[in-house]
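S.K.: Chains as they are written, first to last, in full-length UniProt numbering: chain A, 1 to 403; chain B, 1 to 403. In this text, a Cβ means the ideal position worked out from N, Cα and C, and glycines have one as well. Bear in mind the structure is a predicted one, so any value in this text is a computation, not a measurement.
2 protein chains.
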Amino acid sequence: MAIKLEIAQEILLNSVNVMPKERVTLSDCWHRVLAETVVSDIDFPPFDRSPLDGYALVAEEVANAAPDNPVVLRQIDNIPAGGLSQKPVTPGTACRIMTGAPLPPGATGVVRLEDTVVDGEMVTVLEGKGANKNICFRGEEICQGEELISPGTVINAGVMGMLAVLGKGRPFVFCKPRVALIATGSEIVPVDFPLSLGKIRNSNSYMLSALASEAGAQIVLMGNAADDVDQIAHLLEAASDCDVFMTTGGASVGDYDLIGEVYKKLGITVLFDRVSIKPGMPVLAGLREDKLFLGLSGNPAAAAISFEQLVRPVLLKMGGRKVWWRPRVKAVLAAAFNKKTGAKRFVWARCWQKNNDILAEPLYFQSNGMLKSAMAANSLIVIPEDTPPLPAGAEVEVILLSD
Amino acid sequence: MAIKLEIAQEILLNSVNVMPKERVTLSDCWHRVLAETVVSDIDFPPFDRSPLDGYALVAEEVANAAPDNPVVLRQIDNIPAGGLSQKPVTPGTACRIMTGAPLPPGATGVVRLEDTVVDGEMVTVLEGKGANKNICFRGEEICQGEELISPGTVINAGVMGMLAVLGKGRPFVFCKPRVALIATGSEIVPVDFPLSLGKIRNSNSYMLSALASEAGAQIVLMGNAADDVDQIAHLLEAASDCDVFMTTGGASVGDYDLIGEVYKKLGITVLFDRVSIKPGMPVLAGLREDKLFLGLSGNPAAAAISFEQLVRPVLLKMGGRKVWWRPRVKAVLAAAFNKKTGAKRFVWARCWQKNNDILAEPLYFQSNGMLKSAMAANSLIVIPEDTPPLPAGAEVEVILLSD
């Protein structure tokens with residue numbers, strides 16, 4: 001009995017837990033998922049500092065300085081970036097200061113080097129308006145105790161920089177879920193093998209491995225198995241350190257649909273055995289202790305859509321992400337879709353913006369052209385169940401793919 | 001003299017070449033850039049095959065089969081997936097066949113297992129309409145000699161699957177450009193060090209390393225250097241196997257702006273020394289033989305925008321990509337931007353779709369809040385030079401960031 005997609009998604013999401021956390025060196029954290037709440041233990045900047053190269057001084061003194069009204073000051077010190085000065089700046093004096101250096105005591109502003117003329121220790125200020133604004137104040141960007149980043153945040157360039165500013169050189173991130181993948185089918189040969197009549201190469205493992213990587217998982221390729229219960233069961237047990245076990249092939253009706261028998265042999269409880277979507281209906285989901293088993297179709301088009309709709313959200317939840325679903329937008333069909341739809345259907349598509357519309361063009365119509373479509377697609381059109389053929393111009397819902 | 005952004009981009013793009021290619025095992029190719037033209041040396045499917053589990057037969061014989069008009073045939077063989085049968089199917093006979101198996105000689109159609117009743121070797125067909133359509137014909141998806149993938153294609157899940165189908169177990173991809181990165185400034189300390197007064201942690205290296213990874217480069221972190229010509233020059237030479245050399249800090253006016261001196265010492269020809277954009281004006285670009293040197297600002301906001309606008313396109317070109325620019329869309333300002341703009345300005349923003357509009361909200365206005373903005377941004381608003389303050393509702397151009 002095929003169950004509804006939303007129910008299948010809920011069953012799977014309820015069957016898995018978020019992964020434990022691990023510490024990872026910051027330089028290896030790009031695109032990992034943060035597993036801690038980051039609270040700043042410093043103000044940032046940690047001190048009042050100069051945003052430019054120039055002279056720290058008493059701002060009020062130079063407020064009206066101009067080429068025809070120059071103010072002459074005596075330089076009392078020189079602060080490089082990373083340096084310090086304890087000499088107080090008083091009226092009539094100034095302190096040379098570099099970008100990023102701490103303001104010396106007494107200084108209430110900074111004038112730009114370009115607005116001064118220097119002769120020995122005498123500094124002539126030719127433009128002083130706004131000198132009091134040329135200060136980055138302590139805590140201006142970040143306050144001590146401020147909660148800055150929450151668990152589940154994907155570490156992008158900005159987050160990397162922020163973690164560094166806060167001294168988080170080895171932040172906690174969620175472990176990546178490990179997904180064992182076995183391609184089954186006596187017709188399948190490894191990619192580098194010669195092809196004999198009746199055989200095809202294993203492409204599902206590579207396609208699914210890319211999809212799993214994109215979902216933040218660590219794929220463990222367990223190779224190919226013949227249509228043989230013992231062989232498949234053996235490979236699954238050999239990958240027992242993994243968190244999710246995925247097979248392709250042997251999941252539909254027929255003599256050689258063995259995954260059900262494998263589950264029986266291994267004591268895996270079946271959660272459901274098909275989902276009413278097209279393509280991707282055959283999915284034999286099972287659970288043993290807290291490990292999830294997912295038997296996908298051997299058909300690449302079906303396996304890809306089952307993965308997108310059922311496996312990806314599970315991997316994102318396990319990986320600690322906050323958002324498990326891809327963005328959806330309304331779009332306009334750029335060409336007719338001439339098939340009627342029974343079970344909810346997903347169609348590879350290419351979307352683009354034109355004036356204020358998003359147009360979506362279905363890519364090929366045959367599941368046999370699937371790899372060409374998947375290479376070119378940037379989106380999936382979602383057609384609800386029981387929909388007649390759709391004319392060009394019809395409004396459709398589209399899932400945006402990032403790949 | 002600051003030069004225009006477009007001129008700076010052209011100078012840099014003309015200064016670099018596409019990287020050489022290398023062979024990489026297919027399972028490691030996700031998101032790499034293909035460096036060969038892939039032409040199929042097979043038809044795919046490589047033989048006429050069954051798309052389902054059922055019986056191969058003479059389709060014309062069962063065209064009118066129905067529950068009240070059953071057609072009884074004799075099973076003469078059984079073809080598992082990966083198997084073969086040489087026994088010709090003739091009128092009155094049928095051959096059991098599994099999904100993906102090659103059609104036996106003589107068969108012109110397949111009926112579904114579910115539409116038959118089997119008793120010993122006798123097969124009763126209850127529904128035979130369309131049996132002639134249940135064949136995937138040889139070459140239906142791919143023809144031998146067909147050019148399928150061109151150099152510069154980023155290897156997504158569909159491309160991975162296609163390469164596997166074609167037996168490309170170790171395709172040629174472009175080598176990743178290696179980018180040496182040195183953070184300069186005596187005020188900078190490594191991320192795990194204790195902070196003393198006047199010091200801040202090195203965050204630029206991490207932020208830029210994430211940006212470089214996203215641009216398909218291999219970052220080589222060379223650590224921090226004090227404001228010292230010899231030290232910086234030494235670190236640059238120590239990274240001499242790299243393709244691009246990036247520094248942050250020491251690139252604007254002032255006593256401690258040393259990168260110019262470093263270039264002189266190392267015999268690096270200056271290409272330009274500032275670009276009229278805000279933030280990100282100070283960029284000291286240099287060339288020695290075919291190696292590019294890029295001195296970015298030490299200010300994170302400036303460094304990030306210089307990288308986005310100047311370094312990223314260069315890395316994408318070197319990495320063999322076809323497209324060097326991010327997508328741009330028209331959007332509507334969700335809040336006023338109250339500053340007037342002299343040099344072309346880039347503002348971190350958050351975009352979202354509302355009805356038929358894309359709205360863009362500027363994130364903070366101070367460069368000091370840069371890391372918070374960069375964490376939350378999904379886009380950059382581009383404000384042309386010499387633009388007055390912009391009210392909410394103004395149309396703006398927006399660059400979409402993928403991160």
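Quick check on Ser-50/B: buried or exposed, where buried means 16 or more other Cβ atoms within 10 Å of its Cβ?
M.R.: The sequence position of residue 50/B within the second sequence is 50, counting from 1. Buried: at least 16 other Cβ atoms inside 10 Å.
S.K.: Quick one, which residues of the stretch 19-48 of chain B are near chain A if we go by CB-CB under 9 Å, in chain order?
M.R.: Those would be Leu-26, Ser-27, Cys-29, Trp-30, His-31, Ile-42, Phe-44, Pro-45, Pro-46, Phe-47, in chain order.
S.K.: Three Cβ pairs or more, each shorter than 8 Å: is that satisfied between the stretch 31-47 of chain B and the stretch 165-174 of chain B?
M.R.: Contact between the stretch 31-47 of chain B and the stretch 165-174 of chain B is present, because at least three Cβ pairs lie under 8 Å.
S.K.: Output the distance between the C-alpha atoms of Leu-26/B and Phe-137/A, rounded to the nearest integer angstrom.
M.R.: Here residue 26/B refers to the residue found at position 26 when the second sequence is read from its first residue. Here residue 137/A refers to the residue found at position 137 when the first sequence is read from its first residue. Roughly 52 Å between the two C-alpha positions.
S.K.: Along chain A, which residues have their Cβ under 7 Å away from the Cβ of Cys-227/B?
M.R.: Taking the second sequence and counting its residues from 1, the one referred to as residue 227/B is at position 227. The displayed chain sequence assigns Asp, not Cys, to residue 227/B. Residues of chain A passing the Cβ test: Pro-80, Ala-81.
S.K.: Which residues in the same chain have their Cβ closer than 7 Å to the Cβ of Val-62/A, if we skip the five residues on either side of it in sequence?
M.R.: For the purposes of this step, residue 62/A is identified with residue 62 of the first sequence, where counting begins at 1. Answer for Val-62/A: Val-71, Val-111, Val-125, Gly-128, Ala-131, listed in chain order.
S.K.: May I ask which residues mark the beginning and end of the beta strand (DSSP E) holding Asp-273/B?
M.R.: The residue you call residue 273/B lines up with position 273 of the second sequence. Segment 269-274, the beta strand (DSSP E) holding Asp-273/B.
S.K.: Are the CB atoms of Trp-348/A and Ser-373/A within a distance shorter than 8 Å?
M.R.: Start at 1 with the first residue of the first sequence, and residue 373/A comes out as number 373. Start at 1 with the first residue of the first sequence, and residue 348/A comes out as number 348. Yes, they are a contact pair.
S.K.: Would you say Tyr-55/A reaches chain B, if we count a Cβ-Cβ gap shorter than 8 Å as a contact?
M.R.: Residue 55/A sits at position 55 when you count from the first residue of the first sequence. Not an interface residue.
S.K.: Give me, in chain order, the residues of the same chain whose beta-carbon lies closer than 6 Å to that of Arg-312/A; leave out the 5 immediate sequence neighbours on both sides.
M.R.: Taking the first residue of the first sequence as 1, we reach residue 312/A at position 312. Closer than 6 Å at the Cβ level, and outside the excluded window around Arg-312/A, lie Ala-215.
S.K.: Are the stretch 338-345 of chain B and the stretch 378-394 of chain B touching, with three or more C-beta to C-beta distances below 8 Å?
M.R.: The stretch 338-345 of chain B is in contact with the stretch 378-394 of chain B.
S.K.: Please report the residue range of the alpha helix (DSSP H) in which Glu-261/A lies.
M.R.: Reading the first sequence from its first residue, position 261 is the one you call residue 261/A. That run of the alpha helix (DSSP H) goes 259-266.
S.K.: Less than 8 Å between CB atoms is the rule here; does Leu-221/B satisfy it with respect to chain A?
M.R.: Taking the second sequence and counting its residues from 1, one reaches residue 221/B at position 221. Leu-221/B counts as touching chain A.
S.K.: Skipping 5 residues on each side, what residues in its chain have a beta carbon closer than 7 Å to that of Glu-121/A?
M.R.: Sequence index remark: in the first sequence, residue 121/A carries index 121 (1-based). Counting only Cβ-Cβ distances below 7 Å, and skipping sequence neighbours, we find Arg-74, Gln-75.
S.K.: Could you tell me the alpha carbon to alpha carbon distance between Ala-376/A and Gly-158/B, rounded to whole angstroms?
M.R.: As a working note, residue 376/A is residue 376 in the first sequence. As a working note, residue 158/B is residue 158 in the second sequence. Computed Cα separation, rounded: 8 Å.
S.K.: Pairs of beta-carbons, one from the stretch 174-194 of chain B and one from the stretch 13-23 of chain B, closer than 8 Å: are there three or more?
M.R.: Result yes; three or more Cβ-Cβ pairs closer than 8 Å.
S.K.: What's the call for Gly-145/B, buried or exposed, on a 16-neighbour Cβ count within 10 Å?
M.R.: Sequence index remark: in the second sequence, residue 145/B carries index 145 (1-based). Gly-145/B should be labelled exposed.
S.K.: What number of angstroms, rounded off, separates the C-alpha of Pro-362/B from the C-alpha of Val-398/A?
M.R.: Position 362 of the second sequence holds residue 362/B. Position 398 of the first sequence holds residue 398/A. Pro-362/B and Val-398/A: Cα-Cα distance of roughly 27 Å.
S.K.: Hey, is Gly-145/A's beta-carbon within less than 8 Å of any beta-carbon in chain B?
M.R.: Stepping through the first sequence from its first residue, residue 145/A is reached at position 145. Cβ-Cβ to chain B under 8 Å: no for Gly-145/A.
S.K.: Residues in the stretch 83-105 of chain B with C-beta within 9 Å of chain A's C-beta atoms, listed in sequence order?
M.R.: Hits within the stretch, in order: Gly-83, Leu-84, Arg-96, Met-98, Thr-99, Gly-100, Ala-101, Pro-102.
S.K.: May I ask you to verify whether the stretch 320-332 of chain B touches the stretch 264-284 of chain B, counting CB pairs closer than 8 Å and requiring at least 3?
M.R.: Because the criterion of three Cβ pairs below 8 Å is not met, the stretch 320-332 of chain B and the stretch 264-284 of chain B do not touch.
S.K.: Would you call the stretch 3-19 of chain B in contact with the stretch 305-321 of chain B, where contact means no fewer than 3 C-beta pairs closer than 8 Å?
M.R.: Segments in contact, yes.
S.K.: Determine the extent of the beta strand (DSSP E) in which Tyr-55/A is found, giving its start and end residues.
M.R.: Your numbering for residue 55/A matches position 55 in the first sequence. First-last of the beta strand (DSSP E) with Tyr-55/A: 54-57.
S.K.: Assuming Asp-48/A and Leu-113/A make a contact with CB atoms under 8 Å, what is their CB distance in whole Å?
M.R.: The residue given as residue 48/A occupies position 48 in the first sequence. The residue given as residue 113/A occupies position 113 in the first sequence. Their Cβ separation, rounded to whole angstroms, is 19 Å, which puts Asp-48/A and Leu-113/A out of contact at 8 Å.
S.K.: For Gln-309/B, report the span of its beta strand (DSSP E) as first-last.
M.R.: Translated into the one-based positions of the second sequence, residue 309/B becomes position 309. Looking at the DSSP string, Gln-309/B is not in any beta strand (DSSP E), and its letter there is neither H nor E.
S.K.: For Lys-199/A, count neighbouring C-beta atoms within 10 Å of its own C-beta (all shown protein chains included) and say buried if the count is 16 or more, exposed if not.
M.R.: Translated into the one-based positions of the first sequence, residue 199/A becomes position 199. Counting Cβ neighbours within 10 Å, Lys-199/A comes out buried, since at least 16 surround it.
S.K.: Going along chain B in order, which residues have a C-beta closer than 8 Å to the C-beta of Asn-356/A?
M.R.: Taking the first sequence and counting its residues from 1, the one referred to as residue 356/A is at position 356. Ordered by position in chain B, the residues that pass the 8 Å Cβ test against Asn-356/A are Asn-356, Asp-357.
S.K.: Taking only beta carbons into account, state which residues of the stretch 103-134 of chain A come closer than 8 Å to chain B, listed in chain order.
M.R.: If the cut-off is 8 Å between Cβ atoms, the stretch 103-134 of chain A has Leu-113, Glu-114 near chain B.
S.K.: Any C-beta of chain B sitting closer than 8 Å to the C-beta of Glu-395/A?
M.R.: Start at 1 with the first residue of the first sequence, and residue 395/A comes out as number 395. No, Glu-395/A does not count as interfacial toward chain B.
S.K.: Which parts of the stretch 2-89 of chain B are runs of the beta strand (DSSP E), unbroken and 3 residues or longer, counting only runs that do not cross its ends?
M.R.: As far as the stretch 2-89 of chain B is concerned, its whole beta strand (DSSP E) runs of at least 3 residues are 21-23, 54-57, 71-79.
S.K.: Considering Val-229/A, what are the terminal residues of the alpha helix (DSSP H) in which it resides?
M.R.: Here the question's residue 229/A lines up with position 229 in the first sequence. It spans 229-238 - the alpha helix (DSSP H) in which Val-229/A sits, taken as one unbroken run.
S.K.: What do you get for Cys-95/B, buried or exposed, if any count of 16 or more other CB atoms within 10 angstroms of its CB means buried?
M.R.: For this step, residue 95/B is matched to residue 95 along the second sequence. Per the 10 Å Cβ criterion, buried.
S.K.: How big is the Cα-Cα spacing for Val-117/B and Gly-54/B?
M.R.: Position 117 of the second sequence holds residue 117/B. Position 54 of the second sequence holds residue 54/B. One C-alpha to the other measures close to 11 Å.
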